[in-house]
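Input: a single structure, listed below in structure tokens.
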Amino acid sequence: MSYHCCDTLRRDLVAAFNEKGGAPPINGIDYLEVLDHDAPAGSPPQKTLLVHLLLNAPALTRDNIQITGGARIRDIPVSWVAPASNPPASVVDPERSYFTGLPDAARILLVRTGSNGDHSLYTLTLVGSVQGGNNAPPAGFDPRLCTVDFSFKVECASPFDCQPSVVCPPPVETSPQISYLVKDYPSFRTLILDRIAQLSPQWMATNAADAGITLAELLAYVGDYLSYEQDAIATEAYLDTARKRVSLRRHAVLVDYRVSDGCNARAWVQVRVNGDAVPLARTGTRFYTRVPGLPPVLTAGSHELQLADESGAQVFEPMTDATLYTAHNAIGFYCWSDARCCLPAGTMSATLAGHLPDLQAGDVLVFQEVLGPDTGEPADADPGHRCAVRLTAVSAADGSGNPLVDPLPSGDGSLNQITEIRWQAEDALPFPICLSSVTDAAHGAAPLANVSIALGNIVLADHGRSIEGEDLGIVPEPTLVLAQAGSDRCTPVTPAMLPPRYSPALANAPLTQAAPLAVDVDPVTKVWRLQAGLPASAAMTWSAHDARPAIALDESLGAEHVAWNPEPDLLESSSQATDFVVEIEYDGSATLRFGDDTNGRRPSSGSWFTAGYRVGNGSVGNVGAASLFHVLAADARITCVVNPLPASGGEDPESADQIRRRAPEAYRTQERCVTAADYEARAGMYPGVQRAAATFRWTGSWYTVFITVDPVGGGAPSPSLLSGLAAYLESYRMAGYDLQLQAPVYVSLELGLLVCVDPDYFRSDVEAALIDALGARQLPDGRRGLFDPDNFSFGQTVYLSPIYAAARSVPGVGSVRVTTFQRQGIDDGQYLARGEMTLGRLEIARLDNEPNFPENGVLTLEMCGGK
Numbered sequence: 000m001s002y003h004c005c006d007t008l009r010r011d012l013v014a015a016f017n018e019k020g021g022a023p024p025i026n027g028i029d030y031l032e033v034l035d036h037d038a039p040a041g042s043p044p045q046k047t048l049l050v051h052l053l054l055n056a057p058a059l060t061r062d063n064i065q066i067t068g069g070a071r072i073r074d075i076p077v078s079w080v081a082p083a084s085n086p087p088a089s090v091v092d093p094e095r096s097y098f099t100g101l102p103d104a105a106r107i108l109l110v111r112t113g114s115n116g117d118h119s120l121y122t123l124t125l126v127g128s129v130q131g132g133n134n135a136p137p138a139g140f141d142p143r144l145c146t147v148d149f150s151f152k153v154e155c156a157s158p159f160d161c162q163p164s165v166v167c168p169p170p171v172e173t174s175p176q177i178s179y180l181v182k183d184y185p186s187f188r189t190l191i192l193d194r195i196a197q198l199s200p201q202w203m204a205t206n207a208a209d210a211g212i213t214l215a216e217l218l219a220y221v222g223d224y225l226s227y228e229q230d231a232i233a234t235e236a237y238l239d240t241a242r243k244r245v246s247l248r249r250h251a252v253l254v255d256y257r258v259s260d261g262c263n264a265r266a267w268v269q270v271r272v273n274g275d276a277v278p279l280a281r282t283g284t285r286f287y288t289r290v291p292g293l294p295p296v297l298t299a300g301s302h303e304l305q306l307a308d309e310s311g312a313q314v315f316e317p318m319t320d321a322t323l324y325t326a327h328n329a330i331g332f333y334c335w336s337d338a339r340c341c342l343p344a345g346t347m348s349a350t351l352a353g354h355l356p357d358l359q360a361g362d363v364l365v366f367q368e369v370l371g372p373d374t375g376e377p378a379d380a381d382p383g384h385r386c387a388v389r390l391t392a393v394s395a396a397d398g399s400g401n402p403l404v405d406p407l408p409s410g411d412g413s414l415n416q417i418t419e420i421r422w423q424a425e426d427a428l429p430f431p432i433c434l435s436s437v438t439d440a441a442h443g444a445a446p447l448a449n450v451s452i453a454l455g456n457i458v459l460a461d462h463g464r465s466i467e468g469e470d471l472g473i474v475p476e477p478t479l480v481l482a483q484a485g486s487d488r489c490t491p492v493t494p495a496m497l498p499p500r501y502s503p504a505l506a507n508a509p510l511t512q513a514a515p516l517a518v519d520v521d522p523v524t525k526v527w528r529l530q531a532g533l534p535a536s537a538a539m540t541w542s543a544h545d546a547r548p549a550i551a552l553d554e555s556l557g558a559e560h561v562a563w564n565p566e567p568d569l570l571e572s573s574s575q576a577t578d579f580v581v582e583i584e585y586d587g588s589a590t591l592r593f594g595d596d597t598n599g600r601r602p603s604s605g606s607w608f609t610a611g612y613r614v615g616n617g618s619v620g621n622v623g624a625a626s627l628f629h630v631l632a633a634d635a636r637i638t639c640v641v642n643p644l645p646a647s648g649g650e651d652p653e654s655a656d657q658i659r660r661r662a663p664e665a666y667r668t669q670e671r672c673v674t675a676a677d678y679e680a681r682a683g684m685y686p687g688v689q690r691a692a693a694t695f696r697w698t699g700s701w702y703t704v705f706i707t708v709d710p711v712g713g714g715a716p717s718p719s720l721l722s723g724l725a726a727y728l729e730s731y732r733m734a735g736y737d738l739q740l741q742a743p744v745y746v747s748l749e750l751g752l753l754v755c756v757d758p759d760y761f762r763s764d765v766e767a768a769l770i771d772a773l774g775a776r777q778l779p780d781g782r783r784g785l786f787d788p789d790n791f792s793f794g795q796t797v798y799l800s801p802i803y804a805a806a807r808s809v810p811g812v813g814s815v816r817v818t819t820f821q822r823q824g825i826d827d828g829q830y831l832a833r834g835e836m837t838l839g840r841l842e843i844a845r846l847d848n849e850p851n852f853p854e855n856g857v858l859t860l861e862m863c864g865g866k
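Heads up: the sequence shown is residues 0 to 866, going by numbering that gives the first Met the number 0.
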């Protein structure tokens with residue numbers, strides 16, 4: 000009988016039986032060794048078998064040894080058999096001494112074969128007589144311990160385990176003849192009925208009410224849906240055919256393209272109060288767009304608040320904390336007793352009327368035109384004449400602590416108190432702001448003050464409503480077991496439970512996607528403020544691709560709480576990172592995806608998740624000016640809110656067509672600079688750089704790339720521009736190349752014109768107009784002079800024809816002739832004769848015509864005629 004057992008216990012039981020005594024002992028084979036590498040001198044390798052027995056070796060002969068098996072070499076002959084303690088006389092030293100010196104030599108049976116075998120398996124069996132055909136074990140031997148399998152090549156090098164594996168494969172079943180092209184309900188029904196007819200020919204039911212037909216149709220129905228699910232999965236497997244936005248997002252990640260889920264909008268909001276030092280908390284405060292019939296101030300838990308939430312009104316929340324004052328609700332400008340005043344474009348300072356000691360650097364003001372300059376009517380005020388500035392300096396008192404005043408007394412003899420303010424260059428006025436005017440004749444030609452005012456108590460708010468503590472449920476316990484492919488019946492593997500699927504969905508949509516805001520947080524009061532030095536314009540400038548989901552999760556397992564944070568993907572998350580991914584569908588619904596203990600941690604079964612997040616996203620948040628009307632706040636001294644400027648920055652998520660179009664091409668964008676043209680193109684993309692020129696030079700040990708920078712606005716590039724550009728180019732620089740940034744080489748020009756003025760024009764007026772037309776600055780009407788720095792760049796040839804055209808376009812110019820056209824300080828008439836001046840590759844033409852800096856180019860006008 001041949002069988003296989005995982006646990007071989009008989010050898011130990013026989014040994015224990017022999018130790019008890021009192022009965023005839025039972026001998027048997029313990030194990031077998033093939034003498035190969037350790038064979039002493041004179042002993043043939045792989046021809047001596049050391050058969051270890053449980054008891055002393057009896058007197059056996061060659062007739063008691065049977066060796067079977069083998070593939071190429073079979074019928075191995077036996078030369079002699081003897082106990083190791085008493086080898087045959089033909090065995091001499093050192094082989095004899097080796098055998099007799101073996102441990103327990105009396106229990107070792109030596110078997111010398113006539114040849115060695117091949118690499119296959121052999122079996123040695125102790126029998127009664129090979130010649131007599133007696134296959135029973137010799138007297139005193141156990142019938143199960145008289146056989147042993149071995150290999151003559153056991154000591155030959157092999158990368159495999161020498162222990163043979165016994166596999167009991169399951170029976171091979173024949174596959175039924177089934178068409179795998181079946182995909183729909185009728186085909187599945189026909190297939191099932193045909194199969195039943197094949198297995199049970201006696202079943203002849205055809206009635207639709209028959210239970211068998213009903214079951215067959217039910218299975219066909221289920222098969223139809225499973226087939227549809229297979230097709231749907233196959234459809235989602237490719238970027239061109241996928242229909243779910245989550246599938247498109249995952250495909251895009253594979254080509255390193257991050258899909259945009261949109262971004263929420265931001266707005267500057269004025270919060271009006273009727274008290275001083277009124278705190279406005281960042282949390283718990285909401286601003287609602289106008290809902291007809293509701294009061295400006297909403298109370299927590301009120302019916303009005305419920306109506307506002309159910310009305311579909313857009314909700315904004317402050318991004319920072321603030322302290323509000325009544326005096327900052329509306330602040331007038333101080334014109335120093337002058338009339339018809341304005342703040343020109345580019346202004347970075349102003350004087351406010353009144354003593355404002357609570358106005359601080361870092362506060363934001365919104366300048367707003369509130370009256371029509373020509374009519375004095377609020378309805379005629381230009382809504383486009385509004386802008387936000389962030390103050391960098393506020394002076395409300397002199398060195399002695401007294402309020403600043405105008406030393407010129409007013410009409411009643413009192414001194415007017417004033418406050419001086421300044422703001423950053425990034426917030427310089429983009430247009431003139433009218434402070435006072437005189438109405439037109441139709442409205443009485445009356446003086447008009449406070450045409451524009453400054454609005455204080457400004458806070459930055461963004462679109463979205465906070466939802467706290469939403470229950471996401473408990474992570475379920477595992478119920479399924481993974482099949483263990485590497486196990487067998489003798490080496491069972493502990494079943495591994497299949498981790499449960501836990502992908503909770505948020506109850507509200509759309510989830511807010513907010514770009515990060517630079518803030519300073521007080522370590523004691525935990526008050527949030529805009530980061531020091533951040534201009535108002537920067538707070539309203541960001542990229543939608545920088546937006547992140549406004550959500551945080553809390554996992555609680557007993558008394559332990561763990562915070563989870565959103566990430567765009569889990570590819571760079573460690574196995575213990577508490578990160579998760581928010582996946583957004585077309586309808587705005589959000590599903591959370593967690594890690595697998597390889598990329599990101601897997602939530603623990605039995606733990607309870609709660610979510611805090613915000614709802615509100617996309618272009619719907621780009622509400623117009625004065626759209627915000629209602630406020631929910633803790634302090635009753637807050638009376639109303641308004642957004643003087645429209646909200647901006649809200650962007651909808653990328654559509655399926657946009658993802659399919661952009662993702663395959665995004666990774667093709669060159670992310671390194673190799674040639675000089677690469678460096679020039681990449682440097683030209685940096686904000687503030689009009690153009691750049693690159694030059695490779697060998698500097699002794701390596702190449703250095705010298706990048707000459709032409710900044711927007713001309714002149715020498717600022718240190719901040721150079722440092723920022725160097726950091727920007729660092730990630731594109733090739734290894735082994737240094738970067739060196741330098742200013743361009745400016746070529747100052749000397750230009751002389753002889754101008755004949757028409758008789759109806761004043762020479763001085765025409766001369767001033769010519770200086771503006773050929774100047775290097777922007778004109779009040781928005782036009783730029785011919786020699787504006789941004790009109791010329793590296794190596795650009797200067798032609799006389801544009802100079803003639805610009806001069807002739809000035810009203811009052813009858814004729815013009817260029818008398819001088821040369822590099823400054825070099826008397827050379829060749830350029831005038833040719834009508835053009837060619838410049839070097841790194842040279843830029845300059846003609847500033849600035850009396851304080853004559854070395855930057857000079858324009859000479861000789862006027863004749865006119866008045």
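Note that CB positions come from ideal geometry on N, CA and C, so glycine has one too.
**Report entry** Exposure of residue 497, with buried meaning 16 or more beta-carbon neighbours within 10 Å
**Finding:** exposed
Query raised in the report: Mind pulling the alpha helix (DSSP H) runs of 4 or more residues that sit fully within the stretch 593-676?
Result: 655-665
Query raised in the report: Taking DSSP as the reference, what is the three-state secondary structure of residue 723?
Result: helix
Query raised in the report: How many Å lie between residue 419 and residue 804 at the Cα?
Result: 46 Å
Query raised in the report: Tell me which same chain residues have a C-beta within less than 7 Å of the C-beta of residue 244, skipping the five on either side of it?
Result: 583, 584, 585 and 655
Requested in this report: Identify whether residue 770 lies in helix, strand or coil by the three-state DSSP scheme.
Outcome: helix
Report task. List the whole-angstrom C-beta distance separating residue 106 from residue 144, where the pair is believed to meet the contact cut-off of C-beta under 8 Å. Result -> 13 Å between Cβ atoms; not a contact.
Query raised in the report: Which residue comes first and which comes last in the alpha helix (DSSP H) that contains residue 305?
Result: Start and end: 302-309.
Query raised in the report: Should the stretch 607-619 be called in touch with the stretch 260-273, which here means at least 3 C-beta pairs below 8 Å?
Result: yes
Query - For residue 605, the nearest candidate out of 428, 558 and 587 (CA to CA) - result: 558
Requested in this report: Name the one or two DSSP bridge partners that residue 315 has.
Outcome: 286 and 462
Query - Start and end residues, beta strand (DSSP E) containing residue 269 - result: 265-272
Query raised in the report: Cα separation between residue 697 and residue 828?
Result: 38 Å
Report task. Look at the Cβ atom of residue 633, then the Cβ atom of residue 599, and state whether they are nearer than 9 Å. Result -> no
Query raised in the report: Can you name the start and end residues of the alpha helix (DSSP H) that residue 189 belongs to?
Result: 184-198
Query raised in the report: Which residue's Cα is closest to the Cα of residue 360: 336, 785, 389 and 341?
Result: Ranking the options by Cα distance to residue 360, first place goes to 389.
**Report entry** Length of the line joining the Cα atoms of residue 738 and residue 774
**Finding:** Cα to Cα, residue 738 sits roughly 35 Å from residue 774.
Requested in this report: With distances taken Cα to Cα, identify the nearest neighbour of residue 736 among 707, 695, 712 and 229.
Outcome: Considering only 707, 695, 712 and 229, the residue with the shortest C-alpha distance to residue 736 is 695.
Report task. Starting from the N-terminal side, write out each stretch of the beta strand (DSSP E) that is 3 residues or longer and does not extend beyond the stretch 807-845. Result -> 812-822 and 842-845
**Report entry** Residues that DSSP places opposite residue 751 in a beta bridge
**Finding:** Within the DSSP secondary-structure output, residue 751 pairs in a beta bridge with 819 and 859.
Requested in this report: Mind checking which residues open and close the beta strand (DSSP E) that includes residue 562?
Outcome: 559-565
Query raised in the report: How do the stretch 311-321 and the stretch 280-297 stand: do at least 3 beta-carbon pairs fall below 8 Å, yes or no?
Result: yes
Query raised in the report: Cβ of residue 355 within 9 Å of Cβ of residue 327?
Result: yes
Query - Range covered by the beta strand (DSSP E) that runs through residue 237 - result: Where residue 237 is concerned, there is no enclosing beta strand (DSSP E), given that its DSSP letter is neither H nor E.
Report task. Answer yes if the stretch 31-49 comes into contact with the stretch 88-99, meaning at least three C-beta pairs across the two stretches below 8 Å, and no otherwise. Result -> yes
Query raised in the report: Who pairs with residue 147 in a beta bridge, going by DSSP?
Result: 123
**Report entry** For residue 743, the nearest candidate out of 754, 61, 717 and 756 (CA to CA)
**Finding:** 717
Query raised in the report: Can residue 640 and residue 629 be called in contact, C-beta distance under 9 Å?
Result: In this structure, residue 629 lies closer than 9 Å to residue 640 by Cβ.
Query - Run of the alpha helix (DSSP H) containing residue 11, from where it starts to where it stops - result: Its alpha helix (DSSP H) spans residues 9-19.
Query raised in the report: Are there 16 or more other CB atoms within 10 angstroms of the CB of residue 12, so buried, or fewer, so exposed?
Result: So residue 12 counts as exposed.
Requested in this report: Could you check what DSSP says for residue 258 in three-state terms: helix, strand or coil?
Outcome: coil
Report task. Name the two residues that bound the continuous beta strand (DSSP E) containing residue 736. Result -> 736-741
Query - In DSSP terms, what residue 802 is bridged to - result: DSSP, once it has assigned bridges, lists no residue as partnering residue 802.
Query raised in the report: Helix or strand or just coil, what does DSSP make of residue 247?
Result: Of the three classes helix, strand and coil, the one that applies to residue 247 here is helix, per DSSP.
Query raised in the report: With 16 as the cutoff for other CB atoms within 10 Å, does residue 830 come out buried or exposed?
Result: buried
Query raised in the report: For the ligand HEM, any of its heavy atoms closer than 8 Å to the Cβ of residue 397?
Result: Among the components modelled here there is no ligand, and therefore nothing to report on the ligand HEM.
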